[in-house]
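Colleague: Protein sequences appear in the order of chains A and B.
Residue numbering for the first sequence follows my numbering, starting at -1 and increasing by one per position.
Residue numbering for the second sequence follows my numbering, starting at -1 and increasing by one per position.
Positions of the beta carbon are idealized from the N, C-alpha and C atoms, including for glycine.
Note that the structure is predicted; figures quoted are calculated from it, not measured.
Please find one structure pasted underneath; my questions will follow.
Protein chains: 2
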Amino acid sequence: LIAQSGGPTSVINNSLLGIIEHAIEWKSINQIYGAVNGLYGILNENYINFRSLSEKKLRSLRNTPGAALGTCRYKITDEEVERIIEIFAKRDIRYFFYIGGNGSMQIAHMIYEKAHEKKYDLIVIGVPKSIDNDLMHTDHSPGYGSSAKFLATCILDIAMDLKSLKYSNRVTIVETMGRNAGWLAGSCTLASKIDPDIPQLIYLPESTFSKEKFLFDITRIYQEYGYCLAVVSEGIRDEKGRLIAEQDRRDALGRDQLGGVSSYLTQVIEEQTPFSARYLLPSIWQRSSMMISSKVDAEEAYEAGKRALEYAQKDYSGVMVSLVRKSSVNYEIDYDIIALQKVAQHEKKVPLEWYNETLSTMSKEFIEYVEPLIQGEILVPKKSGLPYYPVLTVQ
Amino acid sequence: LIAQSGGPTSVINNSLLGIIEHAIEWKSINQIYGAVNGLYGILNENYINFRSLSEKKLRSLRNTPGAALGTCRYKITDEEVERIIEIFAKRDIRYFFYIGGNGSMQIAHMIYEKAHEKKYDLIVIGVPKSIDNDLMHTDHSPGYGSSAKFLATCILDIAMDLKSLKYSNRVTIVETMGRNAGWLAGSCTLASKIDPDIPQLIYLPESTFSKEKFLFDITRIYQEYGYCLAVVSEGIRDEKGRLIAEQDRRDALGRDQLGGVSSYLTQVIEEQTPFSARYLLPSIWQRSSMMISSKVDAEEAYEAGKRALEYAQKDYSGVMVSLVRKSSVNYEIDYDIIALQKVAQHEKKVPLEWYNETLSTMSKEFIEYVEPLIQGEILVPKKSGLPYYPVLTVQ
């Protein structure tokens, strides 16, 4: 049984395909199931049988964004974990693959432990997936490279626009995802490989955000360049650990206004400086673009799925596949396993040595870390001038 | 002398190249100048000489977004128009090409009239450019097709994400540009060529926006599909003609909160319905992406520039190049001219017959109109996994 969980990525279906294609060749198993919408599907026994899907349909998972099986966000109870083991036993499900982030690895761990407690033979393997790149004990997470490439491309493109209209007295803010980790915001710095001037300012959740310093920074940059392009992570916080997005803001009814730190900072700039400001919010597009996704990322996502199957064949259980960087000079990845327990509910942050808090810029080491992950393009079939996704869902 | 004006587009440099490449071969002229930052450059005599640029650098304008000459937004005075004619006379500038939208065509017209008044022989040709597609007397404007393709691709991609997480109780709003015309918002409907379900709702400035109907619509759609994807133009207005973005919203100091209609509607949804909501704001990226731009659009932009030069050679003046659709079945474009006066300061709106106000959807006729404009891809050179723009500016 395979399930996808949490926020989709551009390449999450590559991991799914990596498991299926190698499971199909595995003589020891009868059926290969997919649970529709993650835990919901597992609990409601809403399963599809991958053996009944055509090879062509399966192969097209390679360039289909979103989670083809459907996914979910769901807080599971201990009773439901027990119920899952009962369902697995009833259906003789002996291998469970869970493609997801740190919350999902926690659930996979709970299922693994419960099976052990109930003396039910079950192999549980986690496959890492996170655009936030916050999974511990893996060099990086499949999904991140594509989102990083998407954001860096965005920065590069809009800088061409900003440079066309210098001294227009306007500051532009791009808000990235990444509630507690700044890997996505930081990745925007890759645009500097093409245009060394940009992005000029980056703010990460790992570093305390000061409104005063921010206003000082944008003024300094605007005066130097004639335009200002700042990147903020949605999760930036003040010295008390409060989200910047949640401060000082009232709606028409006088209540706290939530969300949209870039919208809030735009307002601060317009109130407290002579600049006007605008913001760009790529939102869920940063995790669902196929046209601007990374081939390296897609291949690693596929390989992580394939390796998960291989580890299952070797009877490893209660582990997540991890990526190990063999060398940073000549980028090469090896695969290993790590106990689910060590990954579950932890978060990998951007090391502060990779961030210049004074200038609000990323270090050379950060660039060297991310750059290999965004290489290569995925050829997306086209129809009517648009990407053609033949498999809207496999459900 | 050539100048670019107003907001850049992905393909505005193609029009520039179309003029230059054919001007170079024209024996009757000595120099080919570009004014840096539009009117600013014209008035400050900040000119570059295109003859001194390498052929390679010129050719790379084909896939460079932004306005390579720089552009401006500037309200010109009558004295400045006189000053322009003096500068032109001093430098013996006899041909003036202005690539821009309806505001720019008004300025081109003023310069044309002033030259006539001063008995200075001057050929003035406008080249249409508008992502808003609101120029009159041309079938469409170069720049629009690429932005339309960009937005439809965005809708298609994020729908894959939304379908992965059905029944998450969330409404997603995408805000497009288009202050007074709904061509961009409407173009999102092209995604339906790949996935007939989306986008489910579109709101144009041409049709009165009712908050009550909007909330009714999203509820109806969510109940039917399990998710809701709505597109709003930044310029939607209520029955009194007031921008929706400017209503009922107070900042921390109790003043009117401007801008960001999607941010505002997100707040309305969260206050008045059981749904949570989020929004996606592509902002200036919708006019500066090269990876997701239209080959047809780029070629037409180039051709419009080339034709401008040819009309100048035939001594036409005070005119804008216009695109004429010969047939909608087998898409084919011819080129003509129209008096600047007829274009200046007018706006072409989406015909309301092409919009279903009850269902908030676009008609088949609208799709047939836009679809040919988004065809074909532009091959963008890559470096370090990102688009490579060798000519950051020609300045």
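Looking at the C-beta of T174 (chain B), does it have a partner C-beta in chain A at a distance below 8 Å?
Modeller: Against the second sequence, residue 174 (chain B) aligns to sequence position 176. It does not; no Cβ of chain A falls within 8 Å.
Colleague: Which residues, in chain order, does the stretch 349 to 367 of chain A contribute to contact with chain B at a C-beta distance below 7 Å?
Modeller: Those residues of the stretch 349 to 367 of chain A that come within reach of chain B (Cβ to Cβ, closer than 7 Å) do not exist; the list is empty.
Colleague: Cutting at 8 Å between CB atoms, please list the residues of its own chain near N100 (chain B), excluding the five before and the five after it.
Modeller: Taking the first residue of the second sequence as position 1, residue 100 (chain B) is located at position 102. Within the same chain, N100 (chain B) has close Cβ partners S128, D132, L133, M134, V341, A342, Q343, H344, E345.
Colleague: To the nearest angstrom, how far is the alpha carbon of I267 (chain A) from that of F273 (chain A)?
Modeller: Position 269 of the first sequence holds residue 267 (chain A). Position 275 of the first sequence holds residue 273 (chain A). In a straight line, the C-alpha of I267 (chain A) is about 7 Å away from that of F273 (chain A).
Colleague: Of the residues that make up the stretch 147 to 166 of chain A, which ones have a beta carbon closer than 9 Å to any beta carbon in chain E?
Modeller: The structure shown contains no chain E; the protein chains it does contain are A and B.
Colleague: Could you tell me the distance, in whole angstroms, from the CA atom of K347 (chain A) to the CA atom of R177 (chain A)?
Modeller: Locating residue 347 (chain A) in the first sequence gives position 349, where the first residue counts as 1. Locating residue 177 (chain A) in the first sequence gives position 179, where the first residue counts as 1. If you take the alpha carbons of K347 (chain A) and R177 (chain A), they lie about 11 Å apart.
Colleague: Assign K164 (chain B) to one of two classes, buried (16 or more other C-beta atoms within 10 Å of its C-beta) or exposed (fewer than that).
Modeller: Here residue 164 (chain B) refers to the residue found at position 166 when the second sequence is read from its first residue. With 16 or more Cβ atoms within 10 Å of its Cβ, K164 (chain B) is classed as buried.
Colleague: Considering just the uninterrupted stretch of the beta strand (DSSP E) at R168 (chain B), what are its terminal residues?
Modeller: Numbered from its first residue, the second sequence carries residue 168 (chain B) at position 170. Counting along the chain, the beta strand (DSSP E) containing R168 (chain B) begins and ends at 168 to 174.
Colleague: Check whether the stretch 16 to 25 of chain B touches the stretch 359 to 371 of chain A, taking contact to mean three or more Cβ pairs, one atom from each stretch, closer than 8 Å.
Modeller: The stretch 16 to 25 of chain B, when compared against the stretch 359 to 371 of chain A, does not touch it at the 8 Å Cβ threshold.
Colleague: Between the stretch 198 to 211 of chain A and the stretch 43 to 55 of chain B, do at least 3 Cβ pairs fall closer than 8 Å?
Modeller: The answer is no - the stretch 43 to 55 of chain B does not touch the stretch 198 to 211 of chain A, with fewer than three Cβ pairs under 8 Å.
Colleague: On the three-pair Cβ rule with 8 Å, is the stretch 10 to 20 of chain B touching the stretch 88 to 99 of chain B?
Modeller: Flag = yes, the stretch 10 to 20 of chain B and the stretch 88 to 99 of chain B touch.
Colleague: Can you tell me the Cβ-Cβ gap for A243 (chain B) and V229 (chain B), rounded? I've got them flagged as a contact below 8 Å.
Modeller: Here residue 243 (chain B) refers to the residue found at position 245 of the second sequence. Here residue 229 (chain B) refers to the residue found at position 231 of the second sequence. About 15 Å; that fails the 8 Å criterion.
Colleague: Any chance the stretch 135 to 145 of chain B sits against the stretch 319 to 331 of chain B, with 3 or more Cβ pairs inside 8 Å?
Modeller: The stretch 135 to 145 of chain B, when compared against the stretch 319 to 331 of chain B, does touch it at the 8 Å Cβ threshold.
Colleague: Just to confirm, is the Cβ distance from V34 (chain A) to L67 (chain A) under 8 Å?
Modeller: Start at 1 with the first residue of the first sequence, and residue 34 (chain A) comes out as number 36. Start at 1 with the first residue of the first sequence, and residue 67 (chain A) comes out as number 69. Their beta carbons are under 8 Å apart, which means V34 (chain A) touches L67 (chain A) by this criterion.
Colleague: Answer yes or no: does any C-beta atom of chain B fall closer than 8 Å to that of L384 (chain A)?
Modeller: Numbered from its first residue, the first sequence carries residue 384 (chain A) at position 386. Yes, L384 (chain A) counts as interfacial toward chain B.
Colleague: Count the other CB atoms within 10 Å of the CB of R49 (chain B); is the residue buried (16 or more) or exposed (fewer)?
Modeller: Residue 49 (chain B) sits at position 51 when you count from the first residue of the second sequence. Answer is exposed; the Cβ neighbour count stays below 16.
Colleague: Looking only at DSSP bridge pairs, what is N35 (chain B) linked to?
Modeller: Locating residue 35 (chain B) in the second sequence gives position 37, where the first residue counts as 1. For N35 (chain B), which the question treats as bridged, DSSP gives no partner whatsoever.
Colleague: Starting from the C-beta of S208 (chain A), find all residues in its chain whose C-beta is less than 8 Å away, skip the five residues before and the five after it, and write them out in chain order.
Modeller: Start at 1 with the first residue of the first sequence, and residue 208 (chain A) comes out as number 210. Hits under 8 Å: D236, E237.
Colleague: Would you say I91 (chain A) and L307 (chain A) are within 8 Å of each other, going by their C-beta atoms?
Modeller: Translated into the one-based positions of the first sequence, residue 91 (chain A) becomes position 93. Translated into the one-based positions of the first sequence, residue 307 (chain A) becomes position 309. Result no, Cβ atoms of I91 (chain A) and L307 (chain A) do not sit closer than 8 Å.
Colleague: Using only CA atoms, which one of B:F148, B:E232, B:I82 lies nearest to T187 (chain B)?
Modeller: Position 189 of the second sequence, counted from the first residue, corresponds to residue 187 (chain B). For the residues B:F148, B:E232, B:I82, the minimum Cα distance to T187 (chain B) belongs to B:F148.
Colleague: Would you say A189 (chain A) faces chain B, with C-beta separation under 8 Å as the test?
Modeller: Residue mapping note: residue 189 (chain A) aligns to position 191 of the first sequence, counting from 1. Yes, A189 (chain A) lies at the interface with chain B (some Cβ there is under 8 Å from its Cβ).
Colleague: Shorter than 7 Å, the distance from the beta carbon of G101 (chain A) to the closest heavy atom of the ligand PLP, or not?
Modeller: Annotation note on the ligand PLP: not contained in the displayed structure, which lists no ligands.
Colleague: Output needed for A150 (chain A): all residues of its chain with C-beta closer than 7 Å, excluding positions within five of it in sequence on either side, in chain order.
Modeller: As a position in the first sequence, residue 150 (chain A) is number 152, starting the count at 1. Excluding residues within five positions, the ones whose Cβ falls inside 7 Å are S185, C186, L188, A189, I372.
Colleague: What runs of the alpha helix (DSSP H), each 4 residues or longer, lie entirely inside the stretch 289 to 316 of chain A?
Modeller: The qualifying runs are 293 to 311.
Colleague: Using a Cβ cut-off of 9 Å, which residues of the stretch 17 to 31 of chain B contact any Cβ in chain A, in chain order?
Modeller: Listed in sequence order: no entries.
Colleague: When you check each C-beta in the stretch 57 to 76 of chain B against every C-beta of chain A, which residues fall closer than 9 Å?
Modeller: Cβ contacts with chain A: T62, P63, G64, A65, A66, L67, G68, T69, C70, R71.
Colleague: Quick one: using the 10 Å Cβ neighbour count with 16 as the cut-off for buried, is F214 (chain A) buried or exposed?
Modeller: For the purposes of this step, residue 214 (chain A) is identified with residue 216 of the first sequence, where counting begins at 1. The residue is exposed, with fewer than 16 neighbouring Cβ atoms inside 10 Å.
Colleague: Quick one, which of B:S166, B:I74, B:G233, B:I121 has its alpha-carbon nearest Y223 (chain B)'s?
Modeller: Against the second sequence, residue 223 (chain B) aligns to sequence position 225. Selected option, being the one with the closest Cα: B:S166.
Colleague: I'd like to check one pair, L41 (chain B) with E78 (chain B): are the Cβ atoms closer than 8 Å?
Modeller: Translated into the one-based positions of the second sequence, residue 78 (chain B) becomes position 80. Translated into the one-based positions of the second sequence, residue 41 (chain B) becomes position 43. Yes, these two residues count as a Cβ contact at 8 Å.
Colleague: For M134 (chain B), name the three-state secondary structure that DSSP assigns.
Modeller: As a working mapping, residue 134 (chain B) is identified with position 136 in the second sequence. Three-state DSSP puts M134 (chain B) in coil, outside helix and strand.
Colleague: Would you say I192 (chain A) lies against chain B (beta-carbon separation less than 8 Å)?
Modeller: For this step, residue 192 (chain A) is matched to residue 194 along the first sequence. Yes, because at least one Cβ of chain B sits closer than 8 Å to the Cβ of I192 (chain A).
Colleague: What first and last residue would you give for the alpha helix (DSSP H) that runs through S145 (chain A)?
Modeller: Counting from 1 along the first sequence, the entry for residue 145 (chain A) is found at position 147. S145 (chain A) -> alpha helix (DSSP H) spans 142 to 162.
Colleague: Judging by CA-CA distance, which residue of A:E84, A:Y110, A:I123, A:Y118 is the nearest neighbour of L304 (chain A)?
Modeller: Your numbering for residue 304 (chain A) matches position 306 in the first sequence. Sequence check: residue 304 (chain A) is Lys here, not Leu. Closest option to K304 (chain A), Cα to Cα, is A:I123.
Colleague: Measuring alpha carbon to alpha carbon, tell me which residue in A:G233, A:S325, A:D332 is nearest E298 (chain A).
Modeller: Walking along the first sequence from the start, residue 298 (chain A) turns up at place 300. It is A:D332 whose Cα lies nearest to the Cα of E298 (chain A).
Colleague: Taking 8 Å as the threshold (C-beta atoms), are S205 (chain A) and L350 (chain A) in contact?
Modeller: Reading the first sequence from its first residue, position 352 is the one you call residue 350 (chain A). Reading the first sequence from its first residue, position 207 is the one you call residue 205 (chain A). Yes, they are a contact pair.
Colleague: Chain A beta carbons: is any one of them nearer than 8 Å to that of E285 (chain B)?
Modeller: As a position in the second sequence, residue 285 (chain B) is number 287, starting the count at 1. What sits at residue 285 (chain B) in the sequence shown is Arg, not Glu. With 8 Å as the cut-off, R285 (chain B) counts as an interface residue toward chain A.
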